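FYI, in the numbering used here the residues of the sequence shown are 2 to 481.
Take a look at the structure below.
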Amino acid sequence: MRTKRSSERRATSSVAPWIDEELSDAHFTDVRLGMRLRRLLAALSEGMGDSIPYACQDWANTKAAYRFFSNDRITDEEIMRGHLAATAGRAADCRGPILVLHDTTEFSFKRSEDCPIGLLKLLARKASGGGASRSYTQRGILMHSSLVVSPQGLPLGLAAVKFWTRKKFKGTNALKRSVNPTRIPIDQKESVKWLENIRLSTDLLKRPEDCVHIGDRESDIYELFCLGQELNTKFLLRTCVDRLAETGETTIAKVMKKAPLRGSHSLEVTDKKGRTQKAVLEVKYEQVSIRPPVAKQKDYPDLSLTVIHATEKTKRRGIERIQWKLITNLPVHTMAEAVEKLRWYAMRWKIETFHKIVKSGCRAEESKLRTTERLTKLISVFCIISWRVFWMSMSQRIDPNADPAVAITEEEKTILDELFPDKGRGKPALKDYLTKIARLGGYLARKNDPPPGNLVMWRGLLRLHDIQRGFRLGKSDVGN
2 MRTKRSSERR
12 ATSSVAPWID
22 EELSDAHFTD
32 VRLGMRLRRL
42 LAALSEGMGD
52 SIPYACQDWA
62 NTKAAYRFFS
72 NDRITDEEIM
82 RGHLAATAGR
92 AADCRGPILV
102 LHDTTEFSFK
112 RSEDCPIGLL
122 KLLARKASGG
132 GASRSYTQRG
142 ILMHSSLVVS
152 PQGLPLGLAA
162 VKFWTRKKFK
172 GTNALKRSVN
182 PTRIPIDQKE
192 SVKWLENIRL
202 STDLLKRPED
212 CVHIGDRESD
222 IYELFCLGQE
232 LNTKFLLRTC
242 VDRLAETGET
252 TIAKVMKKAP
262 LRGSHSLEVT
272 DKKGRTQKAV
282 LEVKYEQVSI
292 RPPVAKQKDY
302 PDLSLTVIHA
312 TEKTKRRGIE
322 RIQWKLITNL
332 PVHTMAEAVE
342 KLRWYAMRWK
352 IETFHKIVKS
362 GCRAEESKLR
372 TTERLTKLIS
382 VFCIISWRVF
392 WMSMSQRIDP
402 NADPAVAITE
412 EEKTILDELF
422 PDKGRGKPAL
432 KDYLTKIARL
442 GGYLARKNDP
452 PPGNLVMWRG
462 LLRLHDIQRG
472 FRLGKSDVGN
């Protein structure tokens, strides 16, 4: 009994301070579950990308981790509760607009046919020897997440996460051919996830008038436009539907074709080889009366929204021409306001970066857990870890002169100062210590190098955690 209590005390004391802060509002009916979540978060963050047994290091902790993920009393909502509350706290300190980025990603898993993981989609596999192709079911989970960022691009955390699987495929294509999708109620379609997450994130942040919900073409849903009006919140979405406009005798495309050119906007884009090029966009914006789909005109009102079209003048080598068609309930009266909205929409790619960290950094799709429920709990833990890595990468760019204490412990500072002395350049700031961590991950820190990215940051964190273990062992040996 004494041995068990002492091991628990050691495990709790080794939890990084940021984990206690992040989970301070995570309340479980059984206190031991909260302690286990903290230890799991510490182990998986220090062994980011490793399997559960490798991260836990021994059979007792590994078995406890498996029991935690298979416990029916624990849900992914409970795991995320503390992080969501911390996100709300950080957003409350953010002055001005709050950008909420929404997007969906898929996690696919290689499993046998009888595995209880939900279905994802049907894929065609070519038969050997030139025979007829056969379809097979890909198993996996879908996640729709809502990432809160500041207007400067600093990720403040997740405001909502929804997991689900696709269970029925039969008749799906036939249904699309025979039924107008606009006639199907939104609550019977997968796209209802957009509305649910907007409600959840708006309620969490408590400042609907300051929230700007940003989504790609999948979010072009008339019910979403109406929900924004109902919640008194803002949205900025990319459109893919040429909706009826004005009296119903014309469409958005025809209105915007006649709209005057308001000006041009220059921005830098990167091609597939990492080369930076300049793009010049011609910008139009117009306030338009948008009509609901014909099948829903009795249920939804007309809306007065602003449409922004930004089209690149010329095609550049190796890069697809930019053509953004945006719709928003934000006021746009000047070219400066239109450019601001374009910059905000460009932030949308940050949620794709976040999903990349979950998949490539934490290697979520390599997990061997065998049920949907266990996997969603594990991915929830990975979401918290991925946000932390993303936040550290972006903090260096957005607030480089911040106090290192916001991200680095005194022990970590001691180790990093020993590995990379500062050579008397004054008191080091947050940027200096995050650069040192990136150097552990392979960042060269040359004069003209861009700021370190997420890959070198999570590699550096892994090496720092290993060095930290050796540092603690050395201190204990000296003490004895």
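Glycine included, C-beta positions come from ideal geometry on N, C-alpha and C.
Keep in mind the model is a prediction, meaning the values are calculated, not measured.
query                                                                                                                                                            : result
Is the stretch 290–305 touching the stretch 338–354, taking contact as three or more C-beta pairs under 8 Å?                                                     : no
At what residue ranges does the stretch 292–338 contain a whole run of the beta strand (DSSP E), taking only runs of 3 or more?                                  : 304–313, 324–329
Decide if the stretch 202–220 is in contact with the stretch 292–302; the criterion is three or more beta carbon pairs, one per stretch, under 8 Å apart.        : no
Mind checking who E269 pairs with in its DSSP beta bridge?                                                                                                       : K279
Threshold first: 3 residues or longer. Then list the beta strand (DSSP E) segments lying entirely within the stretch 195–274, N to C.                            : 212–216, 235–239, 264–271
Looking at the secondary structure, which residues open and close the alpha helix (DSSP H) in which I386 lies?                                                   : 373–399
Nearest CA to the CA of T329: which residue from R239, T415, I320, W350?                                                                                         : R239
For H310 and I323, what's the separation of their Cα atoms in angstroms?                                                                                         : 10 Å
Using C-beta distances below 8 Å, list every residue in its chain close to A89, excluding the 5 sequence neighbours before and after it, in chain order.         : A160, L205, L206, K207
Taking contact to mean 3 or more Cβ pairs, one atom from each stretch, closer than 8 Å, check whether the stretch 401–414 and the stretch 98–109 are in contact. : no
Would you call the CB atoms of I352 and S387 closer than 8 Å?                                                                                                    : no
Roughly how many angstroms lie between the CA atoms of E412 and H466, to the nearest whole one?                                                                  : 11 Å
So, for A92: in the same chain, excluding its five sequence neighbours on each side, which residues have a beta-carbon less than 7 Å away from its beta-carbon?  : I99, V149, L157, L206
Measure the alpha-carbon distance for S394 versus G454 and round it to whole angstroms.                                                                          : 6 Å
Keeping to the same chain, check which residues put their C-beta closer than 6 Å to that of A446; ignore five residues upstream and five downstream.             : T436, R440
Inspect the beta-carbon positions of A65 and A56 and report whether they are closer than 8 Å.                                                                    : no
If you reduce the DSSP assignment to three classes, tell me which class K171 lands in.                                                                           : Any answer about K171 is weak, because its pLDDT of 39 lies below 50 and its placement is not dependable; what the coordinates show is given next. Coil at K171, not helix or strand.
Provide the residue span of the alpha helix (DSSP H) that contains A408, from first to last.                                                                     : Careful: A408 lies outside any alpha helix (DSSP H) and carries neither H nor E.
My guess is that A430 and P452 are in contact by the Cβ rule of under 8 Å, so how many angstroms apart are they, rounded?                                        : Contact doesn't hold; Cβ gap of about 14 Å is too wide.
Reducing DSSP to helix, strand and coil, say where L463 ends up.                                                                                                 : helix
Short of 6 Å in beta carbon distance, which residues of its chain neighbour W392, apart from the five on each side in sequence? Order them along the chain.      : P156
Is DSSP giving S7 helix, strand or coil here?                                                                                                                    : Residue confidence for S7 is low, a pLDDT of 37 falling below 50, so the modelled location carries little weight; the figure read from the coordinates is stated next. The answer is helix: DSSP assigns S7 an H, G or I state.
In three-state DSSP terms, what is G90?                                                                                                                          : helix
Based on Cα-Cα distance, which residue from W195, K235, L228 lies nearest to V213?                                                                               : K235
Using the beta-carbon count (16 or more within 10 Å), is Q397 buried or exposed?                                                                                 : buried
To which residues of the same chain is V284 closer than 6 Å at the C-beta, ignoring the five residues directly before and after it?                              : R263, G264, H266, A311, A339
Just the Cα atoms here: how many angstroms apart are G35 and M458?                                                                                               : 28 Å
For E287, which three-state DSSP category applies?                                                                                                               : strand
Helix, strand or coil: which one does DSSP assign to H103?                                                                                                       : strand
Straight-line CA distance for S209 to G362?                                                                                                                      : As written in the sequence, residue 209 is Pro, which differs from the Ser given in the question. One C-alpha to the other measures close to 33 Å.
Rounding to the nearest angstrom, what Cα-Cα distance links W195 and G443 in this structure?                                                                     : 39 Å
By the 10 Å Cβ neighbour count, where 16 or more other Cβ atoms means buried, how is G249 classified, buried or exposed?                                         : exposed
On a CA-only basis, which of D211, E269, K326, T63 is nearest R96? Give me that one, please.                                                                     : D211
Which value, in whole angstroms, describes the spacing of the CA atoms of I80 and D73?                                                                           : 13 Å
Could you compute how far the alpha carbon of L304 sits from the alpha carbon of C227?                                                                           : 8 Å
Using the beta-carbon count (16 or more within 10 Å), is G427 buried or exposed?                                                                                 : exposed
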